[in-house]
Amino acid sequence: MNKSYGNSILIRSLSKQSNSSNNENENDDSLLLKEIAKQIRFTGPLTVNDYMRLALTHPKYGFYMRQDVFGEKGHFITSPEISQIFGELIAIWIMYQWQKYSNGRQLDIIELGPGRGTLSTDIARSMEQFTQTRPSLNDCHLHLIEISPFLQSIQQQNLCNHIPNNNDNDNLNEMKSTKRTKYGQSIHWYPSIDQFRSINEHNENRFPIFIANEFFDAFPIHKFIKNSQQQKWNELLIDHDERGNQLRWIQSRNDTPMTKLLSLNGHFDRIDSPKINHFEYSPMIFITIDKIIDYIERQQQPQNDCISGCILICDYGFDSDHQIDRDTFRAYYQHKQLDPLLKPGMADLTADVDFAAIRHYVSERNVKKKNVNIKCFGAIEQRQFLSQMGIGFRLKQLLQQQQQSFSHQDNNNTATTVQRQKELISSARILMDEMEMGIRFKFMAIFINGQQMDGDDDEKPVGFWSMDKSNE
Ligand SMILES: C[S@@+](CC[C@H](N)C(=O)[O-])C[C@H]1O[C@@H](n2cnc3c(N)ncnc32)[C@H](O)[C@@H]1O
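So for the sequence shown, the numbering used here puts the first residue at 644; every next one is plus one.
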C-alpha cells in the first residue's frame, strides 16, 4: 500500500483515477463508532479482531464496502496501482508455472481481494498478448473473490469494459451473464472463499493459481501483551470511554478464548522469550490458507506426482520470529498514518503479515496430515522477485516504445512522452527502492503436491532463485 511513504509520487493513479465517485461523506464519520459503542455496551470490550472486521467489512459502514479507497484521491496505493509492470510480471510468473506444471490442464487464476481489479486487468491483458505461449482463451478462467459489492462493480467496469448504470439492471445482468473479460477470458465473482469452493469443487482438469496481493494485511488480528508481574499473556481489547464517544485500549484481566487457545496449542511457548513482550496473531490467515490448500489438494490428478496448484502471497510483512515483537497495527487516512481507534470505517486498518508463522503453519500441517508435499518458498523481498522476473528488461522495453511513438509525434505531445517516461522510471523505483517497497514488501509461494520440487535452485519457482543464480 506504499503505506508508510506518504511523500512518494502517486504515479499510475494520476492517469487511472476511477470514474466512480468517492462517495465518502464526513458526516458518516461517527456512524460506525456509534455501532461499535453500542456493541461494546451489550457484549463488553471487543478484541482487535472484531474491531478490524467491523471497521473494514461492516456491510453498511465498512471501509471497503462503500467507497473507492485506492489511489491519489483514496487512502493508499498498491503495487499494481503504481505500475503496470507489476501485474505484467505476475502474469509471466503465472504462465511459467502453468506451462511447467499443469500437464495441459486448464488454468484457473483466482485473485483474492482484487481492489479495483487493476492487477487482474494487467494479468488478463498480458495473457492475451502472449500469443505464442498462452493457454487458449477458452482454457483460462479468472475468479475474483471480493467481499465488497461496491468494489465488485468497479472491478466489472475495469475488467469488462462495461460501465453499468446502477439503475440499469438489464445492463448489469447482461454484463454478469456475459462473464468474459475484455481480453476474452471467462470471469466469475464470489463474495468469499467458501462460495468459490462450493461452486468450483467439482471442476475437473484444472490448474489453480491463487494470487493474494495485499489481501492478508487487511485480515483481522488479535493483539497480546506480556504481564511480566503475573508472567502471563493478556489480550489487548478495545473499550469505549464513559460517554461512549471515544474508543480506548484496555488489557484483559482474565483469560479470553484466544489466550486460552494459544496456551493450549503451544503458541505462547513458541514465542516465549524474555525479549518478546507483545505480539499479533491472525487466525483468519491460517483458516484461509488451509481452505485454499484443501481446495487445491482436491484438484490432485490421478498421476499423483503432479503439482496440483499454487498460491502466491505478496504483502507487507516480516519473516523471522525475532521480529515478532512489533506493533504493526496501523490506520491510514488520506495517505497519512493515524491512531487506529480514531476513524473506524473511514480509515484503512492493516497489520503486517507474519510470513514465518505461515511457514510454521504449513510445516505443522504437513506433519499432522503425514504429508510432506506442501512446499513454501520465500518470503523474499519484492526487489528480488521483480528483478528476477525482469523488471529492468520490461522497463527498458516500455521506455523504448515511448521513444518510438515520440519520433512520430508533434511537439505538443513531446511533453507528454517525456512525462510518461519519467513516470515509468519513478514508479519502477517505488517498487524496487529499499526505502520504498523494495524490502518491506515480500513474496511467498506455496506449492501443493510439490514433491518434485526440492530446495535446489533448479526446482525453486522462478522469482525465488537465489540472487547469484539469477545474475548468471
Ligand atoms: C488492501 S486491498 C488490496 C487490493 C488489491 N489486491 C490491490 O493490490 O490493489 C484489500 C482487498 O481485499 C478485499 N477484502 C478484504 N477482506 C476481505 C474478505 N474477508 N473476503 C474477500 N475480500 C476481502 C477488500 O475489499 C479489497 O478489495
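Heads up, the beta-carbon is just placed ideally off N, CA and C, and yes, glycines get one too.
Chain B beta carbons: is any one of them nearer than 9 Å to that of PRO917?
The structure shown contains no chain B; it is built from a single protein chain.
Pick from ILE720, GLU923 and ILE1001: whose alpha carbon is nearest that of LEU880?
Locating residue 880 in the sequence shown gives position 237, counting from the first residue. Ranking the options by Cα distance to LEU880, first place goes to GLU923.
Check: ILE836 C-beta below 8 Å from any heavy atom of ligand 1:
Within the sequence shown, the letter at position 193 stands for residue 836. ILE836: yes, Cβ under 8 Å from ligand 1.
Just to confirm the assignment, what range does the alpha helix (DSSP H) spanning ARG1002 have?
For the purposes of this step, residue 1002 is taken as the residue at position 359 of the sequence shown. DSSP places ARG1002 in the uninterrupted alpha helix (DSSP H) bounded by 998 to 1011.
Would you kindly check if the distance between the Cβ of LEU955 and the Cβ of SER726 is under 9 Å?
Taking the first residue of the sequence shown as 1, we reach residue 726 at position 83. Taking the first residue of the sequence shown as 1, we reach residue 955 at position 312. No.
In three-state terms, what does DSSP make of TYR833?
Counted from its first residue, the sequence shown places residue 833 at position 190. TYR833: strand per DSSP, three-state reduction.
Could you give the residue range of the alpha helix (DSSP H) that holds ASN692?
Reading the sequence shown from its first residue, position 49 is the one you call residue 692. Where ASN692 is concerned, the enclosing alpha helix (DSSP H) stretches over 691 to 700.
Taking the alpha-carbon of ARG823 as reference, which of ARG891, ARG840 and HIS784 has the nearest alpha-carbon?
Here residue 823 corresponds to residue number 180 of the sequence shown, with the count starting at 1. When each option's Cα is compared against that of ARG823, the closest is HIS784.
Considering only the beta carbon of each residue, do PHE729 and LEU755 sit closer than 9 Å?
The count along the sequence shown starts at 1 and reaches residue 729 at position 86. The count along the sequence shown starts at 1 and reaches residue 755 at position 112. PHE729 is not a Cβ neighbour of LEU755, given a cutoff of 9 Å.
The alpha helix (DSSP H) with TRP736 in it runs from where to where?
The residue given as residue 736 occupies position 93 in the sequence shown. Secondary structure note for TRP736: its alpha helix (DSSP H) is the uninterrupted segment 727 to 744.
Classify ALA1058 as buried or exposed, calling it buried when 16 or more other Cβ atoms lie within 10 Å of its own Cβ.
Counted from its first residue, the sequence shown places residue 1058 at position 415. Burial call: exposed.
Would you say ILE854 and ILE766 are within 9 Å of each other, going by their C-beta atoms?
The count along the sequence shown starts at 1 and reaches residue 854 at position 211. The count along the sequence shown starts at 1 and reaches residue 766 at position 123. Taking 9 Å as the Cβ cut-off, ILE854 and ILE766 qualify as a contacting pair.
On the CB-based measure, 16 or more other CB atoms within 10 Å of its CB, does PHE1107 come out buried or exposed?
Residue mapping note: residue 1107 aligns to position 464 of the sequence shown, counting from 1. Classified as buried, PHE1107 has 16 or more neighbouring CB atoms from the shown chains inside 10 Å of its CB.
Would you say the beta carbon of TYR975 comes nearer than 8 Å to a heavy atom of ligand 1?
As a first step, residue 975 is located in the sequence shown; it is residue number 332 there, counting from the start. Distances between the C-beta of TYR975 and the heavy atoms of ligand 1 are all 8 Å or more.
Which partner residues does LEU787 have in the DSSP bridge list?
The residue you call residue 787 lines up with position 144 of the sequence shown. Under DSSP, the beta-bridge partners assigned to LEU787 are GLU754 and TRP832.
Can you tell me whether DSSP reads HIS910 as helix, strand or coil?
Here residue 910 is taken as the residue at index 267 of the sequence shown, counted from 1. Of the three classes helix, strand and coil, the one that applies to HIS910 here is helix, per DSSP.
How is TRP1108 classed by DSSP in three states: helix, strand or coil?
Against the sequence shown, residue 1108 aligns to sequence position 465. DSSP places TRP1108 outside both helix and strand once states are collapsed to three, so it counts as coil.
Residues near ILE864 by beta carbon distance below 8 Å, same chain, minus five either side
Translated into the one-based positions of the sequence shown, residue 864 becomes position 221. Around ILE864, the same chain offers VAL691, ASN692, MET695, GLU923, TYR924, SER925, PHE972 and ALA994 as residues with beta carbons nearer than 8 Å, after the five sequence neighbours per side are excluded.
PHE793 and GLN889 closer than 9 Å at C-beta
Taking the first residue of the sequence shown as 1, we reach residue 793 at position 150. Taking the first residue of the sequence shown as 1, we reach residue 889 at position 246. With a cutoff of 9 Å on beta-carbon distance, PHE793 and GLN889 are scored as not near each other.
What is the rounded straight-line gap between the Cα of ILE1023 and the Cα of HIS978?
Start at 1 with the first residue of the sequence shown, and residue 1023 comes out as number 380. Start at 1 with the first residue of the sequence shown, and residue 978 comes out as number 335. A direct Cα-Cα distance of roughly 26 Å separates ILE1023 from HIS978.
Three-way DSSP call (helix, strand, coil) for HIS883 in this model
As a position in the sequence shown, residue 883 is number 240, starting the count at 1. Strand.
Paired residues, beta bridge with GLU1079 - DSSP
Translated into positions along the sequence shown, residue 1079 becomes position 436. GLU1079 is not bridged to any residue.
Does the segment 1006 to 1025 come into contact with the segment 1076 to 1093, if we say contact requires no fewer than three beta-carbon pairs (one atom in each stretch) closer than 8 Å?
Short answer: they touch.
Span separating the alpha-carbon of ILE683 from that of ASP882:
The residue labelled residue 683 in the question sits at position 40 within the sequence shown. The residue labelled residue 882 in the question sits at position 239 within the sequence shown. Distance between the alpha carbons of ILE683 and ASP882 is about 7 Å.
Tell me whether ALA767 sits in a helix, a strand or coil according to DSSP, three-state version.
As a working note, residue 767 is residue 124 in the sequence shown. Helix, per DSSP.
Taking 9 Å as the threshold (C-beta atoms), are ASP751 and ASN846 in contact?
Looking up residue 846 in the sequence shown gives position 203. Looking up residue 751 in the sequence shown gives position 108. The answer is yes: Cβ separation under 9 Å.
Would you tell me roughly how many angstroms separate the C-alpha atoms of LEU1038 and GLY909, rounded to the nearest one?
Reading the sequence shown from its first residue, position 395 is the one you call residue 1038. Reading the sequence shown from its first residue, position 266 is the one you call residue 909. Between LEU1038 and GLY909, the C-alpha separation is close to 48 Å.
On the CB-based measure, 16 or more other CB atoms within 10 Å of its CB, does ARG896 come out buried or exposed?
The residue labelled residue 896 in the question sits at position 253 within the sequence shown. So ARG896 counts as exposed.
Find out if the Cβ-Cβ distance for the pair THR931, PHE859 is shorter than 9 Å.
Residue 931 sits at position 288 when you count from the first residue of the sequence shown. Residue 859 sits at position 216 when you count from the first residue of the sequence shown. Yes, the Cβ-Cβ distance between THR931 and PHE859 is below 9 Å.
Near LYS586, what residues of its chain come up, given a Cβ to Cβ distance below 6 Å and the 5 sequence neighbours on each side ignored?
Any property of residue 586 remains undetermined from this structure, which presents the chain solely from 644 to 1115.
Validate contact between the segment 997 to 1016 and the segment 1030 to 1037 using beta carbons, cut 8 Å, 3 pairs:
No contact exists between the segment 997 to 1016 and the segment 1030 to 1037.
Please state the DSSP three-state secondary structure of TYR976.
If you number the sequence shown from 1, residue 976 lands on position 333. TYR976 sits in a strand when the DSSP states are folded into three classes.
By how many angstroms is the C-alpha of GLY758 removed from the C-alpha of ASN662?
Looking up residue 662 in the sequence shown gives position 19. Looking up residue 758 in the sequence shown gives position 115. For ASN662, the predicted model reports a pLDDT of 34, less than 50, meaning its position is unreliable; a value from the coordinates is still stated below. One C-alpha to the other measures close to 15 Å.
Could you tell me which residues DSSP pairs with PHE1020 in its beta bridges?
As a first step, residue 1020 is located in the sequence shown; it is residue number 377 there, counting from the start. As computed with DSSP, PHE1020 is found in a beta bridge with ALA1088.
For ASN856, collect the residues of the same chain with a Cβ closer than 6 Å to its Cβ; drop the 5 residues on either side in sequence, then sort them by chain order.
Position 213 of the sequence shown, counted from the first residue, corresponds to residue 856. The answer, listed in chain order, is LEU762 and CYS957.
Residue closest to ASP970, alpha-carbon to alpha-carbon, out of VAL1105, ILE919 and CYS949
Taking the sequence shown and counting its residues from 1, one reaches residue 970 at position 327. If we check each option's Cα against that of ASP970, ILE919 comes out closest.
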